[in-house]
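Student: Protein chains in written order, with the working numbering: chain H, 1 to 371; chain G, 1 to 371.
1) Residue range of the alpha helix (DSSP H) that residue 217 (chain H) falls in?
2) For residue 285 (chain H), which three-state DSSP category applies?
3) Beta-carbon within less than 7 angstroms of residue 122 (chain H)'s beta-carbon, same chain only, minus the 5 sequence neighbours each way: which residues are those?
4) Check residue 362 (chain G) in the structure and name its three-state DSSP category.
5) So residue 271 (chain H) and residue 306 (chain H) are in contact, right, with Cβ under 8 angstroms, and what is the actual spacing, rounded?
6) Could you round the C-beta distance between residue 53 (chain G) and residue 87 (chain G) to whole angstroms and report it? I think they count as a contact, below 8 angstroms.
7) Would you grab the beta carbon distance between residue 205 (chain G) and residue 139 (chain G) for me? Rounded to a whole angstrom, and I think it's under 8 angstroms.
8) What are the start and end residues of each continuous beta strand (DSSP E) run of 3 or more residues lying completely inside the segment 334 to 360 of chain G, in chain order?
9) Between the alpha carbons of residue 334 (chain H) and residue 71 (chain H), how many angstroms are there, rounded?
10) Take every Cβ of the segment 158 to 165 of chain H, pair it with every Cβ of the segment 120 to 135 of chain H, and state whether three or more of those distances are shorter than 8 angstroms.
11) Can you give the beta carbon distance from residue 427 (chain H) to residue 277 (chain H), rounded, assuming they're within the 8 angstroms contact cut?
12) Which chain C residues are close to residue 262 (chain H), counting only those with a beta carbon under 8 angstroms from its beta carbon?
13) For residue 112 (chain G), tell me which candidate among G:207, G:318 and G:331 has the shortest Cα-Cα distance.
14) Counting only C-beta atoms, is residue 350 (chain H) closer than 8 angstroms to chain G at any point?
15) Counting only Cβ pairs nearer than 9 angstroms, list the residues of chain H close to residue 114 (chain G).
16) Buried or exposed for residue 174 (chain H), please, with buried defined as at least 16 other CB atoms from any protein chain shown within 10 angstroms of its CB.
17) Any beta carbon from chain H within less than 8 angstroms of residue 213 (chain G)'s own beta carbon?
18) Measure from the C-beta of residue 177 (chain H) to each C-beta in chain G and report whether the shortest distance is under 8 angstroms.
19) Leaving out five residues before and five after residue 297 (chain G) in sequence, what residues of the same chain have Cβ atoms less than 7 angstroms from its Cβ?
20) Within a Cβ cutoff of 8 angstroms, which residues of the same chain sit near residue 274 (chain H), ignoring the five residues on either side of it in sequence?
21) So within the segment 2 to 32 of chain G, which uninterrupted beta strand (DSSP E) runs reach at least 3 residues, ignoring any that extend past its ends?
22) Relative to the C-alpha of residue 348 (chain H), which candidate in H:109, H:96, H:79 and H:145 has its C-alpha closest?
23) What span of residues does the beta strand (DSSP E) with residue 129 (chain H) cover, start to end?
24) How about residue 177 (chain G) and residue 216 (chain H): are their beta carbons less than 8 angstroms apart?
25) Along the beta strand (DSSP E) that carries residue 46 (chain H), what are the first and last residues, could you check?
26) Could you tell me the boundaries of the alpha helix (DSSP H) in which residue 256 (chain H) lies?
27) Go ahead and pull the three-state DSSP assignment for residue 233 (chain H).
28) Counting only Cβ pairs nearer than 7 angstroms, list the residues of chain G close to residue 216 (chain H).
29) Between residue 237 (chain H) and residue 193 (chain G), what straight-line distance do the alpha-carbon atoms span, to the nearest angstrom?
30) Does residue 240 (chain H) pass the burial test, meaning 16 or more other C-beta atoms within 10 Å, or should it be called exposed?
31) Could you round the C-beta distance between residue 191 (chain H) and residue 279 (chain H) to whole angstroms and report it? I think they count as a contact, below 8 angstroms.
32) Would you call the CB atoms of residue 264 (chain G) and residue 302 (chain G) closer than 8 angstroms?
33) Which value, in whole angstroms, describes the spacing of the CA atoms of residue 63 (chain G) and residue 2 (chain G)?
34) Within 10 Å of its beta-carbon, does residue 341 (chain H) have 16 or more other beta-carbons around it, so buried, or fewer, so exposed?
35) Residue 290 (chain G) bridges to which residues according to DSSP?
36) For residue 246 (chain H), does the three-state DSSP call read helix, strand or coil?
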């Protein structure tokens, strides 16, 4: 059992896409494995929406490992015997990196809604500063699923000379109307909770019910029709029959309630607003054609999608692959058969490991001079 | 322009599936066309979740006709030159038929949550009493989309000897985990609004924000990925660029807000709870195999689904068709190509008209002795 600790990196100022400046910032990050002497074996891993820097290993005393521990470790997809893995909490989150729940040094109070609206590009810029700080001039790879995949593809477009490869899983190059719509409803649920109080609820009652509703919507979109049928179907709770009242009858109701409640305990409602907004703003094709997104990329790409993911469907990954091919980028694409919907990137470890471990080894050999 | 009026039918008592009794009841209904002397040309049409008895024609002074006017009228799919069409508001709704917003004669106050939980079968029983009252012993057909389709198939199973045919559109024989889940989140949004006040809000502030959020979720599920992309994509509101704040940037956000707000003005929050619950309870396979649902049916069936409907997908209609075929029922199935998602049954009039008009004519000739 590998014990890991979260570390912190300080950044004086970030210049945001909105034109605003934000700083000083603190960035929570973890590393796994050893950086080699040539500093050529570093891989940056990105977490998804509600994740954190604790991607692998155990914190002292914890019973559960990091969120992608099945993928990061000795002999695993991201093999810590060979590679140096970095994962940082994104800007705007509430897991150690500066976000709306952080203290604004100007007021000595939490930012709340005075925190500036941030973008996926801003998250990537902060990560770039961290990578610079670690003395790494070129990453062997950068990899993530969902919002993590958006960061990976943004690295490839914004910092092409700093990466050898990008692994983009269950993601997209821009948010579509349906993706924006689901986020908008979640935000409205949060902002409709009177306890939200225009974002000023720290130290008071939390907008727990609104945030729970928002999370319930999310969970439906993370699963698939089939995985919901297999896990719940019409299974009743401990009742023998329907209750004919408004208490819960079905297991799926209880599951959603549990997911909503546990989310409230671990996530900040304002971070929910800021991070969903960042994803909704995400559009690498802003001001240009999709076919022009990848002009100037120099890295290799591995794109992975899952057959039953209807939130970030394979068609979006395939659109990216076509745009990359149009630029003669070296792109591999794997569609993994899975019933787990969007959650598959957190579940389907074997298929992802097969695709990723070989891919990283190949990039290491061909582009980074690794054995 | 045909002017129509809503009529009312009184029923002393309904015996509900839950075991409770409810009454006296008032049922709002409308009719279009003329009942023939043999009383053999009557078709019962069912509205969907938030619909009403006003399916066609114009109410005096109204600028807009009923919700399925494109399908009901002279020469239309449900041809009022030939057939007598009946549409009633369902039990538990708030559009003229007794529901949670009606006055409970025992207390002289609105029922609110003291209204009993009702089922699709209970709605159908009340319609059966209306049909009896109109002196019709056998319906030429019964037809509806979505929750209306659930009523149609329930008629076929519960009152086989009283119908010649059932037209089941964009529906299912039971609610699945994902369908229950979307409704559960909507109910939680309503019940999380402090104004909901355990259902006791009549004459006070309405749970407007919660109900609006619930409706927004619904609207996403009624559209399709493609129809949302075509209608909205990433189109901005009157802004020239992203706002970098929490005001609305995208047209799709504004559309959802509009849909949520207008719903609050026309629909009762408690009816939202009761009708979604009725759908979630809907399961013709309760206590038996799917293959046994249609044992004993005697009517013909026309089943229609739409390619982009992901809320009630074609696969559910096809499951019904297979179960009907297993009972040697005379079943026609049409899958209509459409990008409109579940909304298609309220949009794709030409294809539905082609399928339905010929089908009804055939049933009339072969089973009801109509010319």
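For glycine and all other residues, C-beta sits at the position ideal for the given N, C-alpha and C.
Tutor: The relevant details are as follows:
1) 208 to 222
2) Coil, per DSSP.
3) Result list for residue 122 (chain H): 14, 16, 17 and 91, in chain order.
4) helix
5) Not quite, the Cβ-Cβ distance comes to about 26 angstroms (not below 8 angstroms), so this is no contact.
6) Their Cβ separation, rounded to whole angstroms, is 5 angstroms, which keeps residue 53 (chain G) and residue 87 (chain G) in contact under 8 angstroms.
7) No, residue 205 (chain G) and residue 139 (chain G) are not in contact; Cβ-Cβ is about 43 angstroms, not under 8 angstroms.
8) none
9) 17 angstroms
10) yes
11) Outside the displayed span of chain H (1 to 371) sits residue 427 (chain H), for which this structure offers no information.
12) Checking the listed chains, one finds no chain C in this structure; the protein chains it contains are H and G.
13) G:207
14) no
15) The contacting residues do not exist; residue 114 (chain G) stays about 11 angstroms from chain H at best.
16) buried
17) yes
18) yes
19) 156, 157, 160, 327 and 329
20) 92, 99, 100, 115, 117 and 118
21) 7 to 11 and 25 to 32
22) H:145
23) Premise fails: residue 129 (chain H) lies in the alpha helix (DSSP H), 120 to 133, not in any beta strand (DSSP E).
24) no
25) 42 to 46
26) 251 to 266
27) coil
28) Taking the beta carbon of residue 216 (chain H) as reference, the chain G residues within 7 angstroms of it are 185 and 188, listed in sequence order.
29) 25 angstroms
30) Residue 240 (chain H) comes out exposed.
31) Residue 191 (chain H) to residue 279 (chain H), Cβ: 17 angstroms. No contact.
32) no
33) 12 angstroms
34) buried
35) DSSP output for residue 290 (chain G) lists no bridge partner at all.
36) coil
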